[in-house]
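Counting in the working numbering, the sequence shown runs from 736 upward without gaps.
Note that the Cβ used here is the ideal one computed from N, Cα and C, for glycine as well.
Fair warning: this is a prediction, and the values are worked out from it, not measured in the lab.
For reference, the structure discussed in these notes is given below.
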Amino acid sequence: MTNRQFIEVRGARENNLKEVSLDIPKQQVTVFTGVSGSGKSSLVFDTIAAEAQRQLNETFTAFVQGFLPSYGQPDVDHIEHLNAPIIIDQKRVGGGSRSTAGTYTDIFVLLRLLFSRAGVPSAGGAFCYSFNTPQGMCPECEGIGKTVQADIDKLLDWDKSINGGALLHPEFKVGKWMWKPYARCGLFDIDKPIKEFTEKEKEQLLYGAELRVDYGEFQSDYEGYIERFNRTYIKKDAAAMSDRNRAVFESFVTTQTCPVCHGQRLNQAALESQIEGRNIAQLSDLEATDLIQFLQGMTDPVAVKVAGKLIERLQHLVDIGLGYLSLNRETGTLSGGESQRVKMIRHLGNSLTDMLYILDEPSVGLHARDVARLNGLLQKLRDKGNTVLVVEHDPDVIAIADHIVDMGPKAGIHGGELVFEGSYEDLKKADTLTGTFLAQHLPIKEKVRQPTGQMPIVGATLHNLQDVSVDIPTGVLTVVTGVAGSGKSTLINDVFLEQHPDALVIDQSRVGANSRSAPATYTGIMDDIRKAFATANKVSPSLFSFNSTGSCPNCNGLGVTYVDLAFMAGIASTCEVCEGKRFKPEVLEYT
736 MTNRQFIEVR GARENNLKEV SLDIPKQQVT VFTGVSGSGK SSLVFDTIAA
786 EAQRQLNETF TAFVQGFLPS YGQPDVDHIE HLNAPIIIDQ KRVGGGSRST
836 AGTYTDIFVL LRLLFSRAGV PSAGGAFCYS FNTPQGMCPE CEGIGKTVQA
886 DIDKLLDWDK SINGGALLHP EFKVGKWMWK PYARCGLFDI DKPIKEFTEK
936 EKEQLLYGAE LRVDYGEFQS DYEGYIERFN RTYIKKDAAA MSDRNRAVFE
986 SFVTTQTCPV CHGQRLNQAA LESQIEGRNI AQLSDLEATD LIQFLQGMTD
1036 PVAVKVAGKL IERLQHLVDI GLGYLSLNRE TGTLSGGESQ RVKMIRHLGN
1086 SLTDMLYILD EPSVGLHARD VARLNGLLQK LRDKGNTVLV VEHDPDVIAI
1136 ADHIVDMGPK AGIHGGELVF EGSYEDLKKA DTLTGTFLAQ HLPIKEKVRQ
1186 PTGQMPIVGA TLHNLQDVSV DIPTGVLTVV TGVAGSGKST LINDVFLEQH
1236 PDALVIDQSR VGANSRSAPA TYTGIMDDIR KAFATANKVS PSLFSFNSTG
1286 SCPNCNGLGV TYVDLAFMAG IASTCEVCEG KRFKPEVLEY T
C-alpha cells in the first residue's frame, strides 16, 4: 500500500482540535463519532472539506472563482492526497416557491421530456411543460399555483388619518420613509380619517395618480399604497423572505388557489396533454412509489426508454426513504434530513468515481426501517470507487463503517483529540464515551410520570394527514414517531402550533446570526455578564461588549483580521492586538 491510498491530515488545529493527525483510508466508508462538540465537524467539515473545496476552486480561473464561495485555508499543517469533494450537509434546500423536489433533483426534467415525446395532444417541446417558462406557466399565477392579494382592511385603518397611523404596515408607519410620499404629496388632508375621503381620494391613496412628489432633496413619481405594497412585497417570492419578514407579509395578504389553473401551475395547453389519461400535473402529484407503478405500466414504445430512466431516478428516492414525496413538493417545506437526502439523489445517478463524499448525520429524522436503506446507499457510493466520510451518532450507521474515527474525550476545550481509530467491534471494547455507550444496554423505564392535562389536536388534514385527532398530554415528555413522511412534522410543527399558538417550537432551522454573534449574545447571557461587570466596576455596560465601546480597535471586535488577496481566497488570522479575545486591552483588566 502506498500513502496515496490514504488522505493524510497533519496538525489540524481548527476550532478546538489539538494537533490532530491521522490517515483516512480511501474508497472506504469512514464514520466520525464522538459527543457533540468533540471536534468531529471541525475535523471533517471545517478542515478536510474546506481544504478540498478550496483546492478544487483554485483550479478555476480567477474570473470563475469570483462567483464561487470563498474558503479560507484551515488551520492545519498540511493535508495530502485529497479527492474532489461532494459535500452533502443538512442545510435546507432553498429556491423559493418555484423550486420543487422534482425540479431540484432534475426528475421533473425527465417527466417533461416524456410528455414532449408521448403527450397527446402535444403542447410542444419539453419547455412547454415547465411552470418556470413563459411557454408553459399559467398566465394568471405565473407558475406559482396560487394568487396572493393585498388585504386592504388589514393594511388600512379606515378610522385613522394618514398622520394618525392609518397605514398599518410596519414599513409605512408615521415618519418612516415609505410613509412620506402620502404625507407630502398634497393630494390629501393628512389629518382627516380615511373613511371621510371621497371615492377619488381613496382611489388615489390606494392605487395612485400621475404626480411627482417633492422630497426636498429630490423628486419621485407618486405610487399608491396598494400598488407600492404589491411591487415591494407581493411581486417578490415570499418563500425567499426571512421567517420574520414572511410572517409580517402573510399577515397583510390573502392567499388562494389560482382560479385558472386550480393550483396546477401550468397553462391550458400543457394541462390538456395527457399520457394514458393523466396530465403532467396529476403525475407530479403522485407519491414517488405510485408514479413508479404508473410508469411501469406504460406500453408506448416511444415513451418506454425515457420512462426507464425516470423510474431509475424515482427508485433512488424510494431507496433513500423518500418514496412518499411527490415531485411537486416545494423544497422549502423539506426538513433538514429530507433536504440532505434529496441532495444525495443528485449524485446517486452519476457514474463518477474516486470522489470524496462528505455527509453530516444523514440518519437524522430517519425511522429505523429507513436507516438500513441509507446504509445500503452509503455502501453503494463506496463500491463505485468513492471515499465516503460520515459524521454520525446513529449506532446502526456506525456499525457498517469500514473505519471509525472517535473524537473526544469530551466536548469543547476538553475535546478535540483523536481517542480511537479502528473497527466497530474494537470501538465497543474501547475505553471511550462512544465505546462505552455502544457496549451497554439501555434499561427500560418501568415507572412513568402521569400527565397533568391535555392539549387536543382536532381534525388535522394538512398535507397527508387524514382527519387526525389526538390529545397531547401535558407535564410529560411525549415522543411522536413514525416512518419518514408519515406526518409527524406536519402534525406537530404545523397543525399543533396553529391550534395552540402559545407553544414554542425549536426546529432544525439555522440560527440567523453573523460573525459578531456568539452563543452568549444570542441567548442573552452576555447581557447579564455585562451588567455584572459594569456594576462591580461602576462603568458603562457597553464597555464589556465586543460589538460596542469595548471592541478591539484593530479587529473591531471580530477577534480576527482579514487580508484581501484579490482573486485569491482571503486570509483570516488571529488579531495581534487582542489575541482573538475581541476586547480592548484596558477592558480585560477589569475583574
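Counting only the same chain and skipping the five closest in sequence on each side, list residues whose C-beta sits under 7 Å from that of Arg827.
Indexing the sequence shown from 1 puts residue 827 at position 92. If we look at Arg827 and ignore the five residues flanking it on each side, its Cβ neighbours are Leu1069, Gly1071 and Ser1074.
Strand pairing of Lys881, partner residues [DSSP]:
Position 146 of the sequence shown, counted from the first residue, corresponds to residue 881. Thr992.
Could you have a look at Met736 and say whether DSSP puts it in helix, strand or coil?
Locating residue 736 in the sequence shown gives position 1, counting from the first residue. Note that Met736 has pLDDT 42, beneath the 50 cutoff, so the model's placement of it is unreliable and no number is given.
Given a cut-off of 8 Å on the beta-carbon distance, is the pair Ala885 and Ile822 in contact?
Here residue 885 corresponds to residue number 150 of the sequence shown, with the count starting at 1. Here residue 822 corresponds to residue number 87 of the sequence shown, with the count starting at 1. Contact flag unset, no.
Any idea what DSSP makes of Thr1256, helix, strand or coil?
Start at 1 with the first residue of the sequence shown, and residue 1256 comes out as number 521. Correct three-state label for Thr1256: helix.
From Glu1311 to Gly1285, what does the alpha carbon distance come to, in whole angstroms?
The residue labelled residue 1311 in the question sits at position 576 within the sequence shown. The residue labelled residue 1285 in the question sits at position 550 within the sequence shown. Taking the straight line joining both Cα atoms gives about 17 Å.
Report yes if the C-beta distance between Pro1097 and Val1123 is below 8 Å; otherwise report no.
Translated into positions along the sequence shown, residue 1097 becomes position 362. Translated into positions along the sequence shown, residue 1123 becomes position 388. At least 8 Å separates the beta-carbon of Pro1097 from that of Val1123.
Less than 8 Å separating the beta-carbons of Leu1109 and Ala836?
Numbered from its first residue, the sequence shown carries residue 1109 at position 374. Numbered from its first residue, the sequence shown carries residue 836 at position 101. Against a cut-off of 8 Å, the Cβ pair of Ala836 and Leu1109 comes out as no contact.
Can you tell me whether DSSP reads Tyr1092 as helix, strand or coil?
Your numbering for residue 1092 matches position 357 in the sequence shown. Tyr1092 falls in the strand class under three-state DSSP.
Residue burial classification, Thr1167 (beta-carbon count within 10 angstroms, cutoff 16):
Stepping through the sequence shown from its first residue, residue 1167 is reached at position 432. The residue is buried, with at least 16 neighbouring Cβ atoms inside 10 Å.
Give the DSSP bridge partners of Ile742, in chain order.
Residue numbering aside, residue 742 sits at position 7 when the sequence shown is read from its first letter. Ile742 pairs with Ile759.
Assuming contact is defined by CB atoms lying nearer than 8 Å, are Phe1153 and Leu817 in contact in what I supplied?
In the sequence shown, counting from the first residue as 1, residue 1153 sits at position 418. In the sequence shown, counting from the first residue as 1, residue 817 sits at position 82. Here the sequence assigns Leu to residue 1153, which means Phe is not the residue at that position. No, they are not a contact pair.
My assumption, with CB atoms under 8 Å, is that Arg1117 sits in contact with Gln790. Please give the rounded CB distance.
The count along the sequence shown starts at 1 and reaches residue 1117 at position 382. The count along the sequence shown starts at 1 and reaches residue 790 at position 55. About 22 Å; that fails the 8 Å criterion.
When the distance is taken between beta carbons, is Lys1145 closer than 8 Å to Ser773?
Locating residue 773 in the sequence shown gives position 38, counting from the first residue. Locating residue 1145 in the sequence shown gives position 410, counting from the first residue. In contact: Ser773 and Lys1145 (Cβ atoms closer than 8 Å).
Rounded to the nearest angstrom, what separates Asn1085 and His904 at their Cα positions?
Position 350 of the sequence shown, counted from the start, is the residue given in the question as residue 1085. Position 169 of the sequence shown, counted from the start, is the residue given in the question as residue 904. Approximately 49 Å between the Cα atoms of the pair.
What is the C-beta distance between Gly1056 and Arg1076, in whole angstroms, given that I count them as a contact (C-beta under 8 Å)?
Stepping through the sequence shown from its first residue, residue 1056 is reached at position 321. Stepping through the sequence shown from its first residue, residue 1076 is reached at position 341. The C-beta distance from Gly1056 to Arg1076 rounds to 7 Å, short enough to fall under 8 Å.
With the cut-off set at 8 Å, would you say Ile814 and Ile842 are in Cβ contact?
The residue given as residue 814 occupies position 79 in the sequence shown. The residue given as residue 842 occupies position 107 in the sequence shown. Contact flag unset, no.
With Leu1052 as the anchor, note down where its alpha helix (DSSP H) starts and where it stops.
Against the sequence shown, residue 1052 aligns to sequence position 317. Where Leu1052 is concerned, the enclosing alpha helix (DSSP H) stretches over Pro1036 to Asp1054.
Is Asp1229 closer than 8 Å to Leu1197 when the C-beta atoms are compared?
Within the sequence shown, residue 1197 is the residue found at index 462, counting from 1. Within the sequence shown, residue 1229 is the residue found at index 494, counting from 1. The Cβ atoms of Leu1197 and Asp1229 lie closer than 8 Å to each other.
Any chance you could list the beta strand (DSSP E) runs of at least 3 consecutive residues sitting entirely within the stretch 1128 to 1173, in chain order?
Taking only runs of at least 3 residues, the beta strand (DSSP E) segments lying wholly in the stretch 1128 to 1173 are 1138 to 1143 and 1152 to 1157.
Check the C-beta distance from Ala853 over to Asp1035 and give it rounded, since I have them as a contact under 8 Å.
Along the sequence shown, one-based indexing puts residue 853 at 118. Along the sequence shown, one-based indexing puts residue 1035 at 300. 5 Å between Cβ atoms; contact.
Grouping DSSP H, G and I as helix and E and B as strand, with all else coil, what is His904?
Numbered from its first residue, the sequence shown carries residue 904 at position 169. In this structure, His904 counts as coil in the three-state DSSP scheme.
With distances taken from CA atoms, which of Phe932, Cys1313 and Lys1273 is nearest Pro1288?
On the sequence shown, residue 1288 is found 553 positions in, with the first residue counted as 1. Selected option, being the one with the closest Cα: Cys1313.
Can you check whether the CB of Ile1015 is closer than 8 Å to the CB of Ala1005?
Counted from its first residue, the sequence shown places residue 1005 at position 270. Counted from its first residue, the sequence shown places residue 1015 at position 280. Yes, the Cβ-Cβ distance between Ala1005 and Ile1015 is below 8 Å.
Could you pull the DSSP bridge partners for Ser955 from this structure?
As a first step, residue 955 is located in the sequence shown; it is residue number 220 there, counting from the start. Ser955 is bridged to Val948.
Quick one, which of Trp914, Ser834, Gln800 and Val1099 has its alpha-carbon nearest Gly959's?
Counting from 1 along the sequence shown, the entry for residue 959 is found at position 224. When each option's Cα is compared against that of Gly959, the closest is Trp914.
Just list the residues that DSSP pairs Tyr1297 with in beta bridges.
Your numbering for residue 1297 matches position 562 in the sequence shown. DSSP lists Ala1307 as partners of Tyr1297.
If you drop the 5 nearest sequence neighbours on each side, which residues of the same chain put their C-beta closer than 7 Å to that of Gly1147?
Numbered from its first residue, the sequence shown carries residue 1147 at position 412. Short of 7 Å from the beta carbon of Gly1147, and not among the five residues preceding or following it, lie these beta carbons of its own chain, in chain order: Asn751 and Gly772.
Indicate whether Gln1189 and Asp1206 have their beta-carbon atoms separated by less than 8 Å.
Along the sequence shown, read from residue 1 onward, the residue named residue 1189 stands at position 454. Along the sequence shown, read from residue 1 onward, the residue named residue 1206 stands at position 471. A contact, by the Cβ cut-off of 8 Å.
Rounded to whole angstroms, what's the CA-CA distance from Arg745 to Thr1171? Just pull it up for me.
As a first step, residue 745 is located in the sequence shown; it is residue number 10 there, counting from the start. As a first step, residue 1171 is located in the sequence shown; it is residue number 436 there, counting from the start. Rounded to the nearest angstrom, the two C-alpha atoms are 28 Å apart.
Taking C-alpha atoms, which residue in Gly900, Glu906 and Thr992 lies nearest to Asp926?
Counting from one through the sequence shown, the residue named residue 926 turns up at place 191. Residue Gly900 is the option with its Cα nearest to Asp926.
Using 8 Å for Cβ pairs, my map puts Val1215 next to Leu1226. What's the rounded Cβ distance?
If you number the sequence shown from 1, residue 1215 lands on position 480. If you number the sequence shown from 1, residue 1226 lands on position 491. That belief holds up - the Cβ atoms of Val1215 and Leu1226 are roughly 7 Å apart, short of 8 Å.
Which value, in whole angstroms, describes the spacing of the CA atoms of Val1132 and Arg1104?
Within the sequence shown, numbered from 1, the residue matching residue 1132 stands at position 397. Within the sequence shown, numbered from 1, the residue matching residue 1104 stands at position 369. Straight-line Cα distance between these residues: approximately 12 Å.
Tell me whether the stretch 847 to 861 and the stretch 1025 to 1045 touch, counting them as touching only if at least three CB pairs, one residue from each stretch, are closer than 8 Å.
yes
Considering only DSSP beta bridges, list what Gly1188 is partnered with.
Along the sequence shown, read from residue 1 onward, the residue named residue 1188 stands at position 453. For Gly1188, which the question treats as bridged, DSSP gives the partners Thr1209.
On the three-state DSSP scale, how would you describe Leu1124?
By 1-based counting over the sequence shown, the position of residue 1124 is 389. Strand at Leu1124.
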